[in-house]
Structures are given as C-alpha cells and as structure tokens.
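S.K.: Take the sequence shown: its letters are residues 1 to 324, numbered as in UniProt numbering. For each residue, glycine too, the CB sits at the ideal point set by N, CA and C. Mind looking over this structure? Questions follow.
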Amino acid sequence: MKKKYIALIILSSLCAAYYFNSKKVDPATDFYNTTFLRNSPAVEKILRQEGFFDVEIMTEDKLKLSATILDKSPQKHVQATLISCPGFVPGAKEGMTTLYAMLKENPYNFLFLDMRGHGKSEGELLTYKGIKHYGEFDYLDIVATVKFMVQYNIEHNIEQNIIVHGLCSGAFHTIKAMNYLRQHDTLAYDSVKGIIFDSGWPSVPSIAETTLTSESCKRCSDCNISCCAPYLSWSLVGIYNYFFKEYHCSQEPITQAMGEIDQPILFIHGENDTYIPIHHVHSLVSQAKKPTSWFIKESTHAAHHLKHQEAYKLQMEQFIKSVL
1 MKKKYIALII LSSLCAAYYF NSKKVDPATD FYNTTFLRNS PAVEKILRQE
51 GFFDVEIMTE DKLKLSATIL DKSPQKHVQA TLISCPGFVP GAKEGMTTLY
101 AMLKENPYNF LFLDMRGHGK SEGELLTYKG IKHYGEFDYL DIVATVKFMV
151 QYNIEHNIEQ NIIVHGLCSG AFHTIKAMNY LRQHDTLAYD SVKGIIFDSG
201 WPSVPSIAET TLTSESCKRC SDCNISCCAP YLSWSLVGIY NYFFKEYHCS
251 QEPITQAMGE IDQPILFIHG ENDTYIPIHH VHSLVSQAKK PTSWFIKEST
301 HAAHHLKHQE AYKLQMEQFI KSVL
C-alpha cells in the first residue's frame, strides 16, 4: 500500500497540469498546439480523415502495442518510412503527429507508436512496478515495431528505408533497440537507414535529479506556487533515490551501444535544457560512428519541433535525404 501511495505522489506531480487543464470540447485542429495534441480522440479523428489506420504489434515479452499508420504507396512511390517513438509523459502517439503535419508533403509513410504503458498499449508505466522497471524492456517495443514495419514493407513492395525518430526516453530506447537488432536481426537492422535522437540521454539515474527538479519547478509555476518547488523537488528526488535509483543503476547506459551502431544519427538538443543538461549528449555524440548535431541555443526540452517548426522541418528533410 505504501509503495502504491508513493507512486501516486509521483504520478500526481508529473501529470497534474495535463489532467486539470484538459478540455471537454474538441480544440481547433493545430498540430503545433499542445492542447490539441493532448486531446487524443480529437487528433485520432483528424488522422482517420487523413487515411491513417490502426494496427496492433506484439512484443517479444507478449505485450500488445497500439500504433497508427499512414500508407501512401497506393498513390505514390514511398521513399521512406518514419517511425515515431514518443517520450515518457504524456507520451501518447497522437502527441507526436506534428511530425506528420511537418513532413506530409514528402513521399513518406508514417507510423506513430504508443509505447508500453501509454495510450492504448498494454503494460505499466506510472505505478511502482512500472517506474522501477522503466528503461529495462521498453526497447522491445521499438524492436517489435521495426520488425513489423519491415514485414509490412515486404508485403506491400515498399522500399526498406526506415527512419526512427526518438524523443527524450524514446531516443534512449531507440539506441537500445538498434543495438539489439544489430545482434539478432540483420534484415531489420539494415532496414533502418537513420536515427533522429531528440532530447535523449544516456541512462535513467544520470538525469533523474535534474528532470525531477525541472519538472517540479514547471508544475509549481503552472499552479502559481513556485515557492513550493524546492520542497516538491527535494521530496521527489528523495523518493526516487530511496526506492528506484539502485535498481536503475543496474541497467547499462547506452554509451557503449551508441558506439556500436552503424546508422547515421541526427542529435537534436537544446543548449539550455535543464531537464537533460547538454553535456550528457556531448558524451553520446563523441561515441557515435556517424553523428550529425543540431544544438539549439534557446528552446524547451523535447519541444523543439513545436518551437522551431521551420528549422526542425529543414533539419529532418535534409537528414532523411542524406541517408537514403
């Protein structure tokens, strides 16, 4: 019971603003507006009109994942398939459909994924067990999704030009997934032509304190109680260190895996990111075999695609064209 109560505290502090500010009516369609993006039914409705359809993907550890796909191959030659792997919270697949709005004029297919514990996918996330095991098996979601997409492309005679876009924790899981595919599935591994590593990090414990501190400041500011931020931060960091840090420290950072991956990687990060200080990314860039970097002087953690729309689109298009 005590553990469940602790998990509830963490859940409340991370998600309060989202739940309290959600609207009952459908917001105006705007793929660059977080109010719209966090209203999953409203986004889903628009995606259906655009031709997206849902699929289920089974992971190696027997979890059913929900994903939505747009296949343009009946109308045109598809040059690339973009797989989106969202971050921790909110983390719903609909929240990353900005990438579709940004790149829809290109001859690309799209797959947006609900990682385990998010949206319509199975699995635990904001529970004691979910937090304790976070980062351990999440990479299997991306492994299964890449394999699914490879098979789909074979069946529909689509070129195996897969680009994986990982945001925050999605970037972390992507590197683990690619290293796994490198060792276990050559076809799937070689089908991925490039990786976009946006606001990622090397390990959970290395960024837990800065993330919890920054999130505490944001939530308290949103509720006009900024004076409480140090106390909330101190409490959450203490809870994390006592209940979860030791277990997360037993997981391997992705630093070594980064050096094993052959695909070109575009690193995107804000120089002023307080959640994930940029020195973490510099250490990963130095390990990568084929790195390209876009470091933004002033931005917001994991929101570069929303704050720097045209520049982000240009970076994406240039990178994808360079790896095909």
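(1) Roughly how many angstroms separate the alpha carbons of S73 and H301, rounded to a whole number?
(2) Where does V78 fall in DSSP's three states?
(3) In this structure, does DSSP put G170 in helix, strand or coil?
(4) In chain order, what are the residue ranges of uninterrupted beta strand (DSSP E) at least 3 long that sit wholly in the stretch 92–127?
(5) Find out if the Cβ-Cβ distance for the pair D61, P86 is shorter than 9 Å.
(6) Alpha carbons only, please: which of G117, L47, A303 and A80 is nearest the one belonging to F319?
(7) Check whether the Cβ atoms of I162 and V146 lie closer than 9 Å to each other.
(8) Going along the chain, which unbroken runs of the beta strand (DSSP E) with 3 or more residues stay wholly within the stretch 250–282?
(9) In angstroms with no decimal places, state the Cα-to-Cα distance between L284 and T255.
(10) Give the DSSP-derived three-state secondary structure of S199 in the structure shown.
(11) Less than 9 Å between the beta carbons of H118 and A101, yes or no?
(12) Please determine if the stretch 135–142 and the stretch 164–175 are in contact, where contact requires at least 3 C-beta pairs separated by less than 8 Å.
(13) Pull up the CB-CB distance for V55 and I69, whole angstroms please, since I reckon it's below 8 Å.
(14) Among T59, N39 and S66, which has the Cα closest to the Cα of F52?
(15) Apart from the five residues just before and just after H305, which ones in its own chain have a Cβ nearer than 6 Å to its Cβ?
(16) Would Y108 pass as a contact of V150 if the rule is Cβ separation under 9 Å?
(17) Runs of 3 residues minimum, wholly inside the stretch 126–189: which ones carry the beta strand (DSSP E) assignment?
(18) Any contact of the stretch 187–207 with the stretch 261–268, i.e. 3+ C-beta pairs under 8 Å?
(19) Sorted by chain position, which residues of the same chain lie with C-beta nearer than 7 Å to K120's C-beta, five sequence neighbours on each side aside?
(20) I want to check one thing, is the minimum distance from the CB of C168 to the heavy atoms of the ligand ATP below 8 Å?
(21) Secondary structure at K290, three-state DSSP: helix, strand or coil?
(22) Would you tell me roughly how many angstroms separate the C-alpha atoms of Q251 and Q49, rounded to the nearest one?
(23) Are residue 325 and H279 closer than 9 Å when you measure CB to CB?
M.R.: To lay it out plainly:
(1) 34 Å
(2) coil
(3) helix
(4) 108–113
(5) no
(6) A80
(7) yes
(8) 265–270
(9) 6 Å
(10) coil
(11) no
(12) yes
(13) 6 Å
(14) S66
(15) T98 and Y312
(16) no
(17) 162–167
(18) yes
(19) S66 and D114
(20) As presented, the structure is devoid of all ligands, the ligand ATP included, so that no description of it is given.
(21) coil
(22) 42 Å
(23) The first residue shown for the chain is 1 and the last is 324, placing residue 325 beyond what the model contains.
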